[in-house]
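Working notes, structure below.
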Amino acid sequence: MIDEALATRIPAGWRPPDSLVERVRMLERFLVVRSIADADADLARAQAEQARVYALAARTALAEDEREGTLEQEWALRSWKAEIAAVTRTSRQAVSGIMGRSAILTEDFPLVHAALAAGEVSMAHARIICEAGTIVVHEDPAEQAARRELFVQLALEKARSTSPGRLKDFAIKQAERLTASSLEERYEQSMQSRAVLVSSEGDGMGALGARHSLPVLTAIDGRLSEIAKAIIAARGSDSDDPRTFHQVRADVFAELLLTGRLTTCPEAAGITAKVSITMPVLAMLRAQHGDGDGDGDGDGRALDTSPALLDGVTPIPMSVAKALAANAPAFERILTHPITGTVVEVDRYRPTEAMRAWLRARDVHCRFPGCRLPAERCDLDHTIPASEGGPTSLVNLADLCRWNHTVKGNTGREVCQLPGGVMEWTSPTGILLEDVPEPRGVTFGPSPPGEPGLEIGGAAYRVQPPGPGLGSRAGEEPGDMPGLDPPPF
1009 MIDEALATRI PAGWRPPDSL VERVRMLERF LVVRSIADAD ADLARAQAEQ
1059 ARVYALAART ALAEDEREGT LEQEWALRSW KAEIAAVTRT SRQAVSGIMG
1109 RSAILTEDFP LVHAALAAGE VSMAHARIIC EAGTIVVHED PAEQAARREL
1159 FVQLALEKAR STSPGRLKDF AIKQAERLTA SSLEERYEQS MQSRAVLVSS
1209 EGDGMGALGA RHSLPVLTAI DGRLSEIAKA IIAARGSDSD DPRTFHQVRA
1259 DVFAELLLTG RLTTCPEAAG ITAKVSITMP VLAMLRAQHG DGDGDGDGDG
1309 RALDTSPALL DGVTPIPMSV AKALAANAPA FERILTHPIT GTVVEVDRYR
1359 PTEAMRAWLR ARDVHCRFPG CRLPAERCDL DHTIPASEGG PTSLVNLADL
1409 CRWNHTVKGN TGREVCQLPG GVMEWTSPTG ILLEDVPEPR GVTFGPSPPG
1459 EPGLEIGGAA YRVQPPGPGL GSRAGEEPGD MPGLDPPPF
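If you use the numbering used here, the sequence shown corresponds to residues 1009 to 1497, in order.
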């Protein structure tokens, strides 16, 4: 175990070569990073054991209630919770929450619990998979079990190579693909709970929270940010306005709600909300031809239940996405190819610079592995710096948040952009990390002979598990594949 950096403990009078000192420092860094990874794996194993014994406690208590005929009152379970709270010096509510999550993890998702016990994923990953996995339901228990197993396999594969933040977006999208429940119905039911609430935070301050449709709230948040940027940009050099970006946003929010208009900055007038909606292109074609949301069979049903994506990440009902795309000119519509899942068209009714729009559609978020800051708030970075001759082209640009942008340029971290927008990062200690753009929505692969599929260009295709798009690593286009001609989008 490293307890102190060796390179800082060079005895007086020793003069080792600078190159040797640098090698020692890099070795120390590598070993410390490795020790942190090992410690995290040990923590995951301990949390898996904690989940096991909490679930065991819940099962034992419920069995005791069943023997005593007190299942309705749960006297034994209440007693167990009180005792565990006392010995762990926590609240009964906290114990109850851990018990419930532990039961779901160990009983409903044993593969996830096994991965946690092996130190392959963290508890944060495990919770996200379990929460998203509960979305996957079916009236046939055997079919539900099969779908959840497929979901867990996909989610665990993703979890082993990404952060919890990115995993959450991925897991929810895959759960929506595999569930038999209707996102439209769940959305309509959830909209009944929309509300605005005020809470006190002390010192004369409070918080105003709104529960509403996510596209609406995302658009509101984006408009506040754009107005705040305009106000800050309009400040003169002699301005005595000390407000930060977030303070300006809060003041704009209050003024718009209280007066219905913004009077403090003419430069911000006319700024509207902006949201990107990703829509599977076949769903759009059906809508344009009047097919609606029919109840077709086979692969057609899988297409009809495919959700649209808000800002390329969060599933929303297709009916909401269609209404936004048709009626709200401030919304951006991104169409995806049905075979590869890659972006085929970016359509803005209020156009911006095409290259930036295309890259936002491809990247969705910061392209450093694990970072999920939305591309809207990132810098466009030259993978090969322009100062070194790097071209300003789609194959040499990617969205990076300001933090990772500056880290890339100042810490010796290497990155190259492979075909298909794959970003390959190498840390100063030689650790290789890869970030692959994810196909959006449903993607298709060739259907085995004799099995049903979607007819395109004389060949049959069916839904395939998500992964790198066909030809994404080799720079192939659908038309390069034998027997496959791209639809005329």
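A virtual CB, placed ideally from N, CA and C, is assigned to each residue, including glycine.
So what's residue i in DSSP terms, helix, strand or just coil?
| i | result |
| --- | --- |
| Trp1411 | helix |
| Ala1242 | coil |
| Leu1028 | helix |
| Asp986 | Here the chain covers residues 1009 to 1497 and nothing more, so residue 986 does not appear. |
| Pro1457 | coil |
| Thr1313 | In this prediction, Thr1313 scores a pLDDT of 49, lower than 50, which makes its location untrustworthy; no coordinate-derived value is stated. |
| Ala1406 | strand |
| Leu1388 | strand |
| Pro1399 | coil |
| Pro1323 | strand |
| Pro1393 | coil |
| Pro1019 | coil |
| Leu1382 | Strictly speaking, residue 1382 in this sequence is Pro, with Leu absent from that position. Strand. |
| Arg1358 | Summary for Arg1358: the model assigns pLDDT 34, below 50, so the residue's position carries little reliability, and this model does not support an answer. |
| Gly1475 | In this prediction, Gly1475 has a pLDDT of 46, which is less than 50 and means its spatial position is unreliable; what the coordinates show is noted afterwards. Three-state result, Gly1475: coil. |
Using the C-alpha atoms, what's the distance from residue j back to residue i?
| i | j | result |
| --- | --- | --- |
| Glu1181 | Ser1189 | A small correction: the amino acid at residue 1181 is Lys; Glu does not occupy that position in the sequence shown. Each residue's alpha carbon lies about 14 angstroms from the other. |
| Thr1142 | Glu1192 | 17 angstroms |
| Ala1052 | Asp1046 | 10 angstroms |
| Asp1026 | Arg1033 | 11 angstroms |
| Val1224 | Ser1233 | 14 angstroms |
| Gln1503 | His1220 | Because the chain is modelled from 1009 through 1497, residue 1503 falls outside the range shown and cannot be assessed. |
| Gly1237 | Leu1265 | According to the sequence displayed, residue 1237 carries Lys and not Gly. Cα to Cα, the separation comes out at about 19 angstroms. |
| Ala1365 | Leu1402 | 11 angstroms |
| Gly1308 | Leu1270 | The predicted model places Gly1308 with a pLDDT of 40, which falls under 50 and marks its position as unreliable, so this point remains unresolved. |
| Glu1128 | Ala1049 | 7 angstroms |
| Met1107 | Arg1156 | 22 angstroms |
| Glu1396 | Asp1389 | 13 angstroms |
| Val1510 | Ala1383 | Past the edges of the chain, shown from 1009 to 1497, lies residue 1510, and the structure says nothing about it. |
| Asp1249 | Leu1381 | 28 angstroms |
| Val1423 | Gly1398 | 13 angstroms |
| Val1204 | Arg1251 | 26 angstroms |
| Gly1428 | Ala1227 | 30 angstroms |
| Trp1088 | Glu1076 | 15 angstroms |
| Met1431 | Gln1425 | 5 angstroms |
| Arg1031 | Asn1418 | 19 angstroms |
| Gly1212 | Phe1253 | 21 angstroms |
| Ser1207 | Gly1217 | 8 angstroms |
| Gly1487 | Pro1457 | Confidence at Gly1487 is low in this model, with a pLDDT of 36, below 50, so the placement of that residue should be treated as unreliable; the coordinate-derived value is given next. Near 21 angstroms, if we compare the C-alpha coordinates of Pro1457 and Gly1487. |
| Val1256 | Arg1060 | 48 angstroms |
| Asp1301 | Ala1329 | Residue placement at Asp1301 cannot be trusted, given a pLDDT of 45 that sits under 50; what the coordinates show is reported in the next sentence. In a straight line, the C-alpha of Asp1301 is about 13 angstroms away from that of Ala1329. |
| Ser1327 | Ala1183 | 19 angstroms |
| Arg1356 | Arg1037 | Because Arg1356 carries a pLDDT of 43, less than 50, the predicted location of this residue cannot be relied on, and no value is offered for it. |
| Gly1268 | Ala1262 | 10 angstroms |
| Ser1104 | Asp1177 | 27 angstroms |
| Leu1035 | His1133 | 30 angstroms |
| Arg1086 | Asp1259 | 47 angstroms |
Assuming residue i and residue j are in contact, meaning their beta carbons sit under 8 angstroms apart, how far apart are those beta carbons, in whole angstroms?
| i | j | result |
| --- | --- | --- |
| Ala1501 | Leu1367 | Outside the modelled stretch of the chain, which goes from 1009 to 1497, sits residue 1501, for which no answer is possible. |
| Ala1167 | Ala1140 | Actually they do not touch by this definition, with Cβ atoms about 11 angstroms apart. |
| Leu1162 | Ala1123 | That belief does not hold up - the Cβ atoms of Leu1162 and Ala1123 are roughly 13 angstroms apart, past 8 angstroms. |
| Arg1370 | Pro1445 | 5 angstroms |
| Phe1117 | Val1145 | Between Val1145 and Phe1117 the Cβ distance is about 14 angstroms, and since that is not below 8 angstroms, they are no contact. |
| Leu1317 | Pro1323 | 6 angstroms |
| Leu1158 | Leu1186 | 6 angstroms |
| Leu1079 | Asp1073 | 5 angstroms |
| Ala1084 | Ala1069 | 5 angstroms |
| Arg1174 | Gly1378 | 6 angstroms |
For this session: Report the residue ranges of all beta strand (DSSP E) runs contained in full by the stretch 1422-1451; include only those spanning at least 3 residues, in chain order.
Result: Correct list: 1422-1426, 1430-1434 and 1440-1443.
Problem set entry | Those runs of the beta strand (DSSP E) which lie wholly inside the stretch 1147-1223 and span at least 3 residues | Runs found: 1203-1210 and 1213-1219.
For this session: Report yes or no: do the stretch 1372-1379 and the stretch 1406-1419 share at least 3 C-beta pairs separated by less than 8 angstroms?
Result: Output reads yes: the stretch 1406-1419 touches the stretch 1372-1379.
Exercise. Is it true that the stretch 1033-1044 meets the stretch 1107-1125, where meeting means three or more beta-carbon pairs spaced less than 8 angstroms apart?
Worked result: These segments do not touch.
For this session: Report yes or no: do three or more beta-carbon pairs, one from the stretch 1419-1438 and one from the stretch 1168-1178, lie closer than 8 angstroms?
Result: With the cut-off at 8 angstroms, the stretch 1419-1438 and the stretch 1168-1178 do not touch.
Exercise. Quick one: any contact between the stretch 1095-1104 and the stretch 1131-1138, if contact means 3 or more CB pairs under 8 angstroms?
Worked result: No, the stretch 1095-1104 is not in contact with the stretch 1131-1138.
For this session: Counting only runs of 4+ residues fully inside the stretch 1076-1132, write out the alpha helix (DSSP H) ranges in chain order.
Result: Assignment of alpha helix (DSSP H) within the stretch 1076-1132, counting only whole runs of 4 or more residues, yields 1083-1096, 1100-1111 and 1118-1125 in chain order.
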